[in-house]
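Remarks on the structure that follows.
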Amino acid sequence: MSAEHYGQPVDLRAHHLYSLQQQYSFPISTKALKAIKLAVLGYQDPEFPEHLMNVVDDIINGTTQKVRIVDHHDAICEKCSQKREHHCRVAGRNYSSAFLSLLDQAIAENSELEIGATYTSKEIVGRIKSVRKGLIRTAIQIPALLEIARLMEISKK
121 MSAEHYGQPV DLRAHHLYSL QQQYSFPIST KALKAIKLAV LGYQDPEFPE HLMNVVDDII
181 NGTTQKVRIV DHHDAICEKC SQKREHHCRV AGRNYSSAFL SLLDQAIAEN SELEIGATYT
241 SKEIVGRIKS VRKGLIRTAI QIPALLEIAR LMEISKK
């Protein structure tokens with residue numbers, strides 16, 4: 121049972137707003153289509169697309185009432201077979217936890233959301249245009265974020 125069932129907000133990584141934005145903007149997308157898209161990216165677990173879509177759909181339709189934007193493991197990560205201790209594997213590439221946190225922080229900032237802040241699902245859905253613009257702004261920043269994460273990893277050694 122998720123935290124939402126106990127009145128607590130559901131944690132959502134800022135980069136998972138991409139899936140929410142896609143599902144909201146193109147609601148005809150089916151779980152089968154999402155499964156195909158995710159398989160192309162290397163996700164082999166057949167249950168993961170359904171889990172991802174359920175989390176996103178629950179936010180869109182208001183079943184999940186509160187969402188906390190985070191830069192760490194979230195409700196979607198819980199069932200992801202690609203999630204590893206210090207990285208995620210997507211499209212054959214490992215993305216470090218440091219990079220993913222930087223990515224989440226950039227998306228949140230560019231979408232005018234705050235990491236750690238709690239929003240109603242209605243507020244999140246109402247900000248879809250802002251999220252879309254934030255995702256575009258962040259896409260331009262990805263090379264710099266990758267380099268910063270690489271330097272962070274080097275400094276740990």
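Take any residue in the sequence shown, count from 1 to its spot, add 120: that is its number in this note's numbering. C-beta atoms are modelled at their ideal positions from N, C-alpha and C, and glycine is treated no differently. All values reported here derive from a predicted model rather than from experimental measurement.
Could you tell me which of Gly236, Gln164, Glu198 and Tyr144 sits nearest to Gly182, measuring between CA atoms?
-> Here residue 182 refers to the residue found at position 62 when the sequence shown is read from its first residue. The option with the nearest alpha carbon to Gly182 is Tyr144.
Integer-rounded CB distance, given that Ser217 should sit under 8 Å from Lys207 = Here residue 207 corresponds to residue number 87 of the sequence shown, with the count starting at 1. Here residue 217 corresponds to residue number 97 of the sequence shown, with the count starting at 1. What sits at residue 207 in the sequence shown is His, not Lys. That pair is a contact at about 6 Å.
Are there 16 or more other CB atoms within 10 angstroms of the CB of His192, so buried, or fewer, so exposed?
-> Translated into positions along the sequence shown, residue 192 becomes position 72. Classification of His192: exposed, given that the 10 Å Cβ count is below 16.
Which residue from Lys253, Asp178, Asp177 and Lys154 puts its Cα closest to that of Glu167?
-> Locating residue 167 in the sequence shown gives position 47, where the first residue counts as 1. Glu167 has its Cα closest to that of Lys154, out of Lys253, Asp178, Asp177 and Lys154.
How about Leu255 and Ile235: do their beta carbons lie closer than 9 Å?
-> Locating residue 255 in the sequence shown gives position 135, where the first residue counts as 1. Locating residue 235 in the sequence shown gives position 115, where the first residue counts as 1. No.
Sequence-distant residues of its chain with Cβ nearer than 6 Å to Glu124 (five each side left out) | The residue labelled residue 124 in the question sits at position 4 within the sequence shown. Low local confidence applies: a pLDDT of 49 at Glu124 is under 50, so the model's placement there is unreliable, and no value is given.
Can you tell which of Phe146, Glu243, Lys157 and Asp165 has the C-alpha that lies nearest to the C-alpha of Lys203?
-> Here the question's residue 203 lines up with position 83 in the sequence shown. Out of Phe146, Glu243, Lys157 and Asp165, Asp165 has the C-alpha closest to the C-alpha of Lys203.
DSSP three-state assignment for Cys200, whether helix, strand or coil = For the purposes of this step, residue 200 is taken as the residue at position 80 of the sequence shown. In the three-state reduction of the DSSP assignment, Cys200 falls in the coil class.
For Thr240, which residues of its own chain have a beta-carbon under 7 Å away from its beta-carbon, when the five flanking residues on both sides are left out?
-> Position 120 of the sequence shown, counted from the first residue, corresponds to residue 240. A distance below 7 Å between beta-carbons, with the five flanking residues on each side excluded, links Thr240 to the following residues of its chain, in chain order: Gln185 and Lys186.
So is Ile237 buried or exposed if we call it buried at 16+ other beta carbons inside 10 Å?
-> The count along the sequence shown starts at 1 and reaches residue 237 at position 117. One point to set straight first is that residue 237 is Ala, not Ile, in the sequence displayed. Result: exposed.
Would you mind sorting Ala134 into buried or exposed? The rule is 16 or more other CB atoms within 10 Å of its CB.
-> Counting from one through the sequence shown, the residue named residue 134 turns up at place 14. Buried, since its Cβ has 16 or more Cβ neighbours within 10 Å.
Might you give, ordered along the chain, the residues of its own chain that have their beta carbon closer than 6 Å to the beta carbon of His90, omitting 5 neighbours on each side?
-> Residue coverage of the chain in this structure runs from 121 to 277, which leaves residue 90 outside it and unanswerable.
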